[in-house]
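Participant: For my numbering, count along the sequence shown from 1 and bump the result up by 3.
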Amino acid sequence: MKTYETTTMQANSFGITQAVSALKEGYPVALPTETVYGLGADAFNLDAIQAVFAAKQRPQSDPLIVHVSSSSATLDSLASQEIIDRESITAVMAEVYEDLMQKFWPGPLTLLFPRGRKIDASVTSGQPYVAVRQPDHPVFLEILERLQRPIVAPSANLFGRISPTTAAHVYNQLEGRIRFIVDGGTCCVGVESTIIRVEEDGSLTLLRPGGVSVERIFSSTGLPVKSLETTTQEEAAPLAPGRLSKHYAPSKRTLMVTSVKDLMDIDFLLQVRAGILSTRPGSSLASDLIAAFPETAWTIESLPHDREGQAAAANIFSALHRLDALSLDLILVEAPDQCDHLWRATVDRLTRAASD
Ligand code: TXA
Ligand code: MG
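1. Return yes when at least one heavy atom of the ligand MG lies under 6 Å from the C-beta of S158, else no.
2. Measuring straight from C-alpha to C-alpha, what distance separates A315 and D309?
3. Using a 10 Å radius around the Cβ and a threshold of 16 neighbouring Cβ atoms, would you call P241 buried or exposed?
4. Pairs of beta-carbons, one from the segment 173-182 and one from the segment 190-198, closer than 8 Å: are there three or more?
5. Confirm the yes/no value for this check: CB of S262, any heavy atom of the ligand TXA, distance under 6 Å.
6. Report the rounded CA-to-CA distance for G41 versus S158, giving the unit in angstroms.
7. Report all residues from its chain with a CB closer than 6 Å to the CB of E178; omit the five preceding and five following residues, and keep chain order.
8. According to DSSP, is F162 helix, strand or coil?
9. Taking the continuous beta strand (DSSP E) assigned at V135, which residues delimit it?
10. Check H140 in the structure and name its three-state DSSP category.
11. Count the other CB atoms, across all protein chains shown, that sit within 10 Å of the CB of K264; report buried if there are 16 or more and exposed otherwise.
12. Using DSSP with H/G/I as helix, E/B as strand and the rest coil, what is V215?
13. Does the beta-carbon of Y132, which I'm using as the reference point, lie nearer than 6 Å to any heavy atom of the ligand TXA?
14. P109 to T38, Cα distance in whole Å?
15. What does the alpha-carbon distance come out to for the pair L147 and S73?
16. Does the beta-carbon of I334, which I'm using as the reference point, lie nearer than 6 Å to any heavy atom of the ligand TXA?
17. Which residues in the same chain as P297 place their Cβ atom closer than 6 Å to its Cβ, once the five residues preceding and following it in sequence are excluded?
18. Given a cut-off of 7 Å, decide if C342 and V336 are closer than it, judged by their beta-carbon atoms.
19. Would you list the residues sitting across from A22 in a DSSP beta bridge?
20. With a cut-off of 7 Å, does the C-beta of S166 fall near any C-beta of chain B?
21. Cβ of E195 versus every heavy atom of the ligand TXA: is any distance shorter than 6 Å?
22. Label E304 either buried or exposed according to how many other C-beta atoms from any shown protein chain fall within 10 Å of its C-beta, with 16 as the threshold for buried.
23. Consider the C-beta atom of G129 and the heavy atoms of the ligand TXA; say whether any pair is separated by less than 6 Å.
24. Taking 6 Å as the cut-off, is the C-beta of I181 nearer than that to any heavy atom in the ligand TXA?
25. Could you tell me how far apart the beta carbons of L306 and I319 are, in whole angstroms, since I believe they sit closer than 8 Å?
26. Identify which residue in A134, V133, A156 has its Cα closest to the Cα of L144.
27. Use the C-beta contact count for K5: other C-beta atoms within 10 angstroms, 16 or more gives buried, fewer gives exposed.
28. Give the secondary structure of E337 by DSSP, where H, G and I count as helix, E and B as strand, and everything else as coil.
29. Taking M104 as the reference, give the member of T93, S358, V201 with the closest Cα.
30. Closer than 6 Å to a non-hydrogen atom of the ligand TXA - does that hold for the CB of D65?
31. Within 10 angstroms of its Cβ, does F56 collect 16 or more other Cβ (buried), or is it exposed?
32. Quick one: what's P117 bridged to in DSSP?
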C-alpha cells in the first residue's frame with residue numbers, strides 16, 4: 004500500500020473544499036459523523052472503494068454503508084439515482100421505509116434496501132441488499148451536497164480495532180495510510196448506527212444495535228424489531244458479514260468480568276499492569292480487585308451511567324482508546340447490568356471488544 008503524509012484539517016471552508024477535491028480525485032478522506040468517524044470515498048468510484056478496503060485492511064467480505072445527502076433521502080430519489088432497486092420494494096415495504104426515513108433521518112439509523120444498478124457488488128460484498136443512511140453531521144452533509152454523489156464510509160479504524168470518535172483516534176490508527184482527516188470535533192452519539200433490514204412483509208430485523216434504540220423505533224412507528232439472534236442460522240448467514248464476534252478490540256488482551264471471583268485463578272495478575280473499565284453504578288468491582296490483587300498496578304476508567312445509556316454510549320470508545328494507549332498488560336471490562344435502550348449497543352461493543 005502507498006504511504007501518505009496524513010494531514011488533519013479543520014472543518015472550515017478551506018478544509019471542506021480540500022476534502023471534496025480529494026474525494027473527487029478518488030482518495031479516501033476521514034470525515035466526522037454524529038456516530039463515529041468514517042473513512043469516506045465516492046460510492047461510484049470503484050478504485051476509491053478499493054482504496055478504502057486497503058487503508059483499513061478490511062476484508063472484501065465486509066460490506067460498506069452508503070451515505071446520502073438530505074436531497075437524496077427519499078425512496079424516489081434513491082431509486083432515480085439507482086442506489087436502490089424500486090421494483091423489488093413492495094407497497095408495504097415502501098410505507099415502512101418512508102416512515103423510518105422521515106422519523107430517523109438524518110441520524111444513526113442504517114436501512115437495508117434492494118441494491119440498485121449504480122451500486123457495485125464490491126460495496127455490498129456481493130449481496131442483493133445495500134445499506135444506506137443519511138448522517139446527521141453538518142460537515143458530512145455539506146461534503147455530500149458539494150460532491151453530488153453518495154459516499155461509502157466504514158468506521159475510520161483499522162479492521163477489527165476500536166472505532167474512532169475523535170480526529171486524533173483516526174490519526175493514531177490510519178496515519179500514513181490516508182491523505183486527509185477532517186476534524187469536526189468529538190462524535191456526539193459515540194457508537195455506530197443501528198442497522199435494520201425491512202423484510203418483504205414490512206417487519207423489521209435488527210442486524211446491529213446502535214445509536215437509535217429499538218425501543219425508540221417501536222414507540223415512534225409502532226413496529227417491533229426482531230433480533231437477528233432469534234432467527235435461524237440459515238436465515239442469519241447471508242445477513243451476517245461484519246458481525247464478527249471479535250471486533251472493536253483494544254490491542255491488549257481484554258476480558259469481561261462481573262466479579263472478582265471470575266479472576267481468582269488468574270495468578271499472573273500479581274505481576275501486571277491492568278486497566279478496569281467500570282460500567283455499573285456504585286459498583287465495588289474496582290475496589291474488590293485492588294484489594295484482591297494489591298501488587299497489580301491498576302488504572303480505572305468509569306462509564307457514566309444514565310438510564311437510557313446515551314452517556315455510556317458516547318464515552319465507550321474514548322474510554323477504550325485511553326486504556327489502550329497506556330502500557331497495560333490486560334484490560335478488564337465490567338459486564339454492564341443493563342441491556343435495553345442505548346445500553347444494547349454498548350453491551351454489544353464491549354462484548355465483542357472482550358471476545359477471544
Ligand atoms: O455509524 C455508522 O454506521 C458508521 C458511520 C461512519 O456512518 N459506519 C460504520 O461502518 O459503522 P462499518 O463499515 O464500520 O460497519 C458497517 C457494517 C458492516 O460491518 C456490516 O456488518 C454492515 O454494516 N453492512 C453494511 N452493508 C451491509 C449489507 N449490504 N448487508 C448487511 N450488512 C451490511
Ligand atoms: Mg466499523
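Where a beta carbon is used, it is the ideal one built from N, C-alpha and C, also for glycine.
Facilitator: Reading it off the structure:
1. Position 155 of the sequence shown holds residue 158. The answer is yes for S158.
2. Reading the sequence shown from its first residue, position 312 is the one you call residue 315. Reading the sequence shown from its first residue, position 306 is the one you call residue 309. Distance between the alpha carbons of A315 and D309: 7 Å.
3. As a position in the sequence shown, residue 241 is number 238, starting the count at 1. With a pLDDT of only 44 at P241, under the threshold of 50, the placement of this residue in the model should not be trusted, and no figure is reported.
4. no
5. The count along the sequence shown starts at 1 and reaches residue 262 at position 259. It does not: the Cβ of S262 is nowhere closer than 6 Å to a heavy atom of the ligand TXA.
6. For this step, residue 41 is matched to residue 38 along the sequence shown. For this step, residue 158 is matched to residue 155 along the sequence shown. The alpha-carbon atoms of G41 and S158 are separated by roughly 4 Å.
7. Position 175 of the sequence shown, counted from the first residue, corresponds to residue 178. So the qualifying residues of the chain are T9.
8. The residue given as residue 162 occupies position 159 in the sequence shown. In this structure, F162 counts as coil in the three-state DSSP scheme.
9. Sequence index remark: in the sequence shown, residue 135 carries index 132 (1-based). First-last of the beta strand (DSSP E) with V135: 132-136.
10. As a first step, residue 140 is located in the sequence shown; it is residue number 137 there, counting from the start. In this structure, H140 counts as coil in the three-state DSSP scheme.
11. For the purposes of this step, residue 264 is taken as the residue at position 261 of the sequence shown. Per the 10 Å Cβ criterion, exposed.
12. For this step, residue 215 is matched to residue 212 along the sequence shown. DSSP places V215 in coil when its eight states are reduced to three.
13. One-based indexing of the sequence shown puts residue 132 at position 129. Yes, Cβ of Y132 sits closer than 6 Å to a heavy atom of the ligand TXA.
14. Stepping through the sequence shown from its first residue, residue 109 is reached at position 106. Stepping through the sequence shown from its first residue, residue 38 is reached at position 35. Going by the C-alpha atoms only, they are around 12 Å apart.
15. As a position in the sequence shown, residue 147 is number 144, starting the count at 1. As a position in the sequence shown, residue 73 is number 70, starting the count at 1. In a straight line, the C-alpha of L147 is about 9 Å away from that of S73.
16. Here residue 334 refers to the residue found at position 331 when the sequence shown is read from its first residue. It does not: the Cβ of I334 is nowhere closer than 6 Å to a heavy atom of the ligand TXA.
17. Taking the sequence shown and counting its residues from 1, the one referred to as residue 297 is at position 294. Hits under 6 Å: none found.
18. Mapped onto the sequence shown, residue 336 falls at position 333. Mapped onto the sequence shown, residue 342 falls at position 339. Result no, Cβ atoms of V336 and C342 do not sit closer than 7 Å.
19. On the sequence shown, position 19 is the one that residue 22 refers to. Answer is none; A22 lacks a bridge partner.
20. Annotation note: the requested chain B is absent from the structure, which comprises a single protein chain.
21. Along the sequence shown, read from residue 1 onward, the residue named residue 195 stands at position 192. E195: yes, Cβ under 6 Å from the ligand TXA.
22. Working through the sequence shown from its first residue, we reach residue 304 at position 301. Its Cβ being crowded by 16 or more others within 10 Å, E304 is buried.
23. As a first step, residue 129 is located in the sequence shown; it is residue number 126 there, counting from the start. No; taking the cut-off as 6 Å, the Cβ of G129 has no heavy atom of the ligand TXA nearer than that.
24. As a working mapping, residue 181 is identified with position 178 in the sequence shown. No; taking the cut-off as 6 Å, the Cβ of I181 has no heavy atom of the ligand TXA nearer than that.
25. Taking the first residue of the sequence shown as 1, we reach residue 306 at position 303. Taking the first residue of the sequence shown as 1, we reach residue 319 at position 316. Going by Cβ atoms, the distance from L306 to I319 rounds to 6 Å, so yes, they are a contact pair.
26. Numbered from 1 along the sequence shown, position 141 holds the residue referred to as residue 144. Considering only alpha carbons, the answer is A156.
27. In the sequence shown, the residue the question calls residue 5 occupies position 2. Flag for K5 reads exposed.
28. As a first step, residue 337 must be located in the sequence shown, where it is residue number 334. Strand at E337.
29. What you label residue 104 is simply residue 101 of the sequence shown in a count that begins at 1. Selected option, being the one with the closest Cα: V201.
30. For the purposes of this step, residue 65 is taken as residue 62 along the sequence shown, with counting starting at 1. Checking the Cβ of D65 against the ligand TXA gives yes.
31. Within the sequence shown, numbered from 1, the residue matching residue 56 stands at position 53. It counts as buried.
32. On the sequence shown, residue 117 is found 114 positions in, with the first residue counted as 1. Y132.
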